[in-house]
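See structure below.
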Amino acid sequence: MIVIKRKPLEEILNYIEGHNKILVLGCQECPYGCVTGGEEAVKKLAEEIKNKMIDLGKSIEILEKTLIRLCELRYVKSINDLIKDVKAIVTLSCGVGVNLIADIYFEIEVYPGMNTLFLGAELREGIFIEKCRACGDCIVGYTAGLCPITRCPKNMLNGPCGGCKNGVCEVRKGLPCVWYQIIKRLKKRGKLEKLMEIWEAKDWRSLYGKGIRELREELGVENKN
Amino acid sequence: MKIKTNLQKVLESGQFAVTAEIDPPKNADPELIKEKAKWLKGYVDAVNITDSPRATVKMSSLAGAVILQKENIEPVMHITCRDRNRIAIQSDLLGASALGVKNILCLTGDYVTFGDHPQAKPVFDLDSIQLISLVKNLSEGRYFNKKEVKGKHPYFFIGAVENPFADPLEFRPIRLAKKIKAGARFIQTQIVYNLERFEKFIKLCEDFGILEKVYILAGIAPPKSLKMLKYIKESKIPGIEVPDELIRRMESAKDEKEEGINIAVEIIERVKENPGVRGIHLMPIGWEFIVPEIVKRAKLYPRPKIC
Numbered sequence: 190m191i192v193i194k195r196k197p198l199e200e201i202l203n204y205i206e207g208h209n210k211i212l213v214l215g216c217q218e219c220p221y222g223c224v225t226g227g228e229e230a231v232k233k234l235a236e237e238i239k240n241k242m243i244d245l246g247k248s249i250e251i252l253e254k255t256l257i258r259l260c261e262l263r264y265v266k267s268i269n270d271l272i273k274d275v276k277a278i279v280t281l282s283c284g285v286g287v288n289l290i291a292d293i294y295f296e297i298e299v300y301p302g303m304n305t306l307f308l309g310a311e312l313r314e315g316i317f318i319e320k321c322r323a324c325g326d327c328i329v330g331y332t333a334g335l336c337p338i339t340r341c342p343k344n345m346l347n348g349p350c351g352g353c354k355n356g357v358c359e360v361r362k363g364l365p366c367v368w369y370q371i372i373k374r375l376k377k378r379g380k381l382e383k384l385m386e387i388w389e390a391k392d393w394r395s396l397y398g399k400g401i402r403e404l405r406e407e408l409g410v411e412n413k414n
Numbered sequence: 032m033k034i035k036t037n038l039q040k041v042l043e044s045g046q047f048a049v050t051a052e053i054d055p056p057k058n059a060d061p062e063l064i065k066e067k068a069k070w071l072k073g074y075v076d077a078v079n080i081t082d083s084p085r086a087t088v089k090m091s092s093l094a095g096a097v098i099l100q101k102e103n104i105e106p107v108m109h110i111t112c113r114d115r116n117r118i119a120i121q122s123d124l125l126g127a128s129a130l131g132v133k134n135i136l137c138l139t140g141d142y143v144t145f146g147d148h149p150q151a152k153p154v155f156d157l158d159s160i161q162l163i164s165l166v167k168n169l170s171e172g173r174y175f176n177k178k179e180v181k182g183k184h185p186y187f188f189i190g191a192v193e194n195p196f197a198d199p200l201e202f203r204p205i206r207l208a209k210k211i212k213a214g215a216r217f218i219q220t221q222i223v224y225n226l227e228r229f230e231k232f233i234k235l236c237e238d239f240g241i242l243e244k245v246y247i248l249a250g251i252a253p254p255k256s257l258k259m260l261k262y263i264k265e266s267k268i269p270g271i272e273v274p275d276e277l278i279r280r281m282e283s284a285k286d287e288k289e290e291g292i293n294i295a296v297e298i299i300e301r302v303k304e305n306p307g308v309r310g311i312h313l314m315p316i317g318w319e320f321i322v323p324e325i326v327k328r329a330k331l332y333p334r335p336k337i338c
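If you read the protein sequences in the order shown, they are chains A and B. In case it helps, the working numbering puts the first sequence at residues 190 to 414. In case it helps, the working numbering puts the second sequence at residues 32 to 338.
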């Protein structure tokens, strides 16, 4: 899932300063797993803003709307009628949503209400952990299902470095050394010899492309060369 | 042109090599390098100059290496993967060669959050093994992209590091073998205090058949004080093991500095007994002036004169 987190209220208030009619736009039931940007979150933020405005002796009209997905054009256009006098939109979605809304409604000020943290898994309620950097060239088929691009701070492909002690990475207490785990798993599978070969340097174009990455299904990934 | 370095000649002639390391200053003062270097001159075969260790901004290793050369000291220039991508690294290597630097030590580098600019973007375009391949390629007249270097290309004597105290122990010789395969000719180890573990590592390397393929220099840091040993022990510097026994010995010492010298000399004598240990690499960490004393007491002085 895309793991997102609400921005502090102060930052959002700064964005909308001077506007008397805004739209708080949520993103619901995301199939990619954003869990905090739905209807409830929209209601909560709207209330927080209103309360703050009352404290400050100011008035503001806040429209609330939650769409199925902010990252698909067909859903986004449904707000056309809603935004007539709206001067600012605060989105409660991942970065994809806020960018797409800002692209389409470029005459309106569009602000992020969320920080997009990472692509991760939810281990228990409220506990998320990063699992993928979307580097565009998955190598976990060679590393026993463990991604060194995501989980090794130094992105090592010929690890582990000298900072691995008792299976733990030197960079942060409690962070398992992914190369220690890879070796353990491959050894158990009798496939340790795979790590005898020197792993060539990564072609980072699959991550950085030329500018942004695009996928046109009929053409394949359009981000290299 | 393929002119051998002094360090290379000492190692290839089968003599026990001695190198020492200095950190460049946190400012633009060349005198601070010269000051440290004057203690080392004549007592070591080459002097390493580090590349912003612990991810803390220091004068560049290239500049430091050139300052050492001006003092007629052969440098070993450190290069890490932390701050530079393959373009910048090759560019620096061409420049280093143009300025006469020939010994290169390849490291992945400490992670940025250890240092004084933890907000920095970590580069790590390559890892240390890929970096070794890069330096070897350049040394043979090819860029990392395999294209030919037209005109004069560098020649480097390539070193790398290994930590015998890191885990998993049984994989360390395999990784060392990869470094040798990539092009490393000499290996500096992490600081040796735990001799038992060090010897276990050397034995594994021997069994793996790599000892004769590389020159291993054991890392030696003379413990200046009990405080220093405790600091390392409390894992402020990861990757180094300090046995309790050593702490106790230092605790009961009348003169900590004298005991520190004794400990360093004893460790040197012990590591020397191991086949495949072809030299030592001193990391005096702010105690450079003690190097002559240690080298003399370890009977490693005078240093070989090789033309």
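Just so it is clear, CB atoms sit at the ideal spot from N, CA and C, and this is done for glycine as well.
On the DSSP bridge list, what partners appear for residue i?
i        : result
LEU252/A : LEU212/A
PRO106/B : VAL78/B
PRO365/A : VAL357/A
LEU262/A : Paired residues: none, contrary to the question.
TYR246/B : PHE217/B
CYS321/A : LEU308/A
ARG195/A : MET303/A
ASN134/B : VAL107/B and PHE188/B
ARG415/A : This structure does not reach residue 415/A, given that chain A is present from 190 up to 414, and the question cannot be answered.
GLY310/B : ALA48/B and LEU248/B
LEU281/A : GLY215/A
ILE53/B  : ILE80/B
GLU298/A : ALA277/A
Using alpha carbons as the reference points, say which of the options lies closest to residue i.
i        : options                                   : result
ALA51/B  : LEU277/B, ASN293/B, LYS261/B and ILE251/B : ILE251/B
ALA197/B : ASN225/B, LYS178/B, ILE211/B and PHE187/B : ASN225/B
ARG328/B : GLU304/B, GLY307/B, GLU289/B and ILE316/B : GLU289/B
ARG228/B : ILE189/B, GLY214/B and GLY270/B           : GLY270/B
THR225/A : LEU259/A, ILE251/A and SER282/A           : SER282/A
ILE387/A : ASP54/B, PHE239/B, VAL245/B and LYS209/B  : LYS209/B
LEU259/A : ASP244/A, ASN240/A and GLY227/A           : GLY227/A
LEU335/A : TYR369/A, LEU214/A and LEU289/A           : TYR369/A
LYS183/B : VAL192/B, PHE239/B, ALA215/B and ARG173/B : ARG173/B
HIS208/A : VAL279/A, ILE191/A, LYS232/A and LEU256/A : VAL279/A
LEU125/B : PRO253/B, ASN58/B and LYS167/B            : LYS167/B
TYR246/B : HIS312/B, LYS231/B, PRO253/B and LYS264/B : HIS312/B
ASN203/A : MET242/A, GLU236/A, VAL192/A and GLN217/A : MET242/A
ASP238/B : PHE202/B, GLU276/B and PRO315/B           : PHE202/B
PRO153/B : LEU212/A, ILE338/A, THR255/A and LYS276/A : ILE338/A
Output, in chain order, the set of chain B residues within a Cβ distance shorter than 7 Å of residue i.
i        : result
CYS350/A : THR139
Name the chain B residues that come within less than 8 Å of residue i, Cβ to Cβ?
i        : result
ASN164/A : Examination of residue 164/A is not possible in this model, given that chain A is present from 190 through 414 alone.
ASN355/A : ASP198
Given that residue i touches chain A, what residues does it touch there, using C-beta distances under 9 Å?
i        : result
ARG228/B : Those within 9 Å of ARG228/B in chain A number zero; the least Cβ separation is about 12 Å.
PHE202/B : PRO349, TRP368, TYR369, ILE372, LYS376, LEU381 and LEU384
SER164/B : ILE387, GLU389 and ALA390
GLN221/B : GLY351
Name, please, each residue of chain B whose Cβ falls closer than 9 Å to the Cβ of residue i.
i        : result
PRO342/A : TYR142, VAL143, THR144, PRO153 and PHE155
TYR331/A : Chain B residues near TYR331/A: none, gap ~15 Å exceeds 9 Å.
Interface residues of chain A around residue i at Cβ under 7 Å?
i        : result
ASN194/B : GLY351
GLY16/B  : Residue 16/B lies beyond the stretch modelled for chain B, which goes from 32 to 338, so this question has no answer here.
ALA213/B : ILE387
Could you work out which residues of chain A lie near residue i, taking near to mean beta carbons separated by less than 8 Å?
i        : result
GLY270/B : GLY351, GLY352, LYS354 and GLU359
ARG117/B : ALA390
* Of all the beta strand (DSSP E) runs that stay within the bounds of the region 153-239 of chain B, which reach a length of 3 or more residues? -> Complete beta strand (DSSP E) runs here, min 3: 188-193 and 217-222.
* Asked: Would the region 320-334 of chain A and the region 126-135 of chain B be scored as touching if the rule is three or more Cβ pairs under 8 Å?
  -> Per the Cβ contact rule, the region 320-334 of chain A is not in contact with the region 126-135 of chain B (fewer than 3 Cβ pairs under 8 Å).
* Hey, is the region 116-125 of chain B in contact with the region 155-163 of chain B, meaning 3+ C-beta pairs nearer than 8 Å? -> Proximity of the region 116-125 of chain B to the region 155-163 of chain B meets the contact definition, three or more beta-carbon pairs being nearer than 8 Å.
* To do: Please confirm if the region 348-361 of chain A is in contact with the region 36-46 of chain B, defined as three or more CB-CB distances below 8 Å between the two stretches.
  => Contact between the region 348-361 of chain A and the region 36-46 of chain B is absent, because fewer than three Cβ pairs lie under 8 Å.
* Asked: Taking contact to mean at least 3 C-beta pairs separated by less than 8 Å, is the region 375-392 of chain A in contact with the region 353-360 of chain A?
  -> Here the region 375-392 of chain A does not lie against the region 353-360 of chain A, with fewer than 3 beta-carbon pairs under 8 Å apart.
* Give a yes or no on contact between the region 306-322 of chain B and the region 272-287 of chain B, applying the rule of three or more CB pairs nearer than 8 Å. => Not touching, per the Cβ criterion.
* Asked: Within the chosen definition, does the region 77-95 of chain B reach the region 105-112 of chain B through at least 3 CB pairs nearer than 8 Å?
  -> The answer is yes - the region 105-112 of chain B touches the region 77-95 of chain B, with three or more Cβ pairs under 8 Å.
* Asked: How about the region 205-221 of chain B and the region 291-300 of chain B: do they share at least three Cβ pairs that are nearer than 8 Å?
  -> The region 205-221 of chain B vs the region 291-300 of chain B: no contact.
* To do: Please confirm if the region 177-195 of chain B is in contact with the region 141-150 of chain B, defined as three or more CB-CB distances below 8 Å between the two stretches.
  => Flag = no, the region 177-195 of chain B and the region 141-150 of chain B do not touch.
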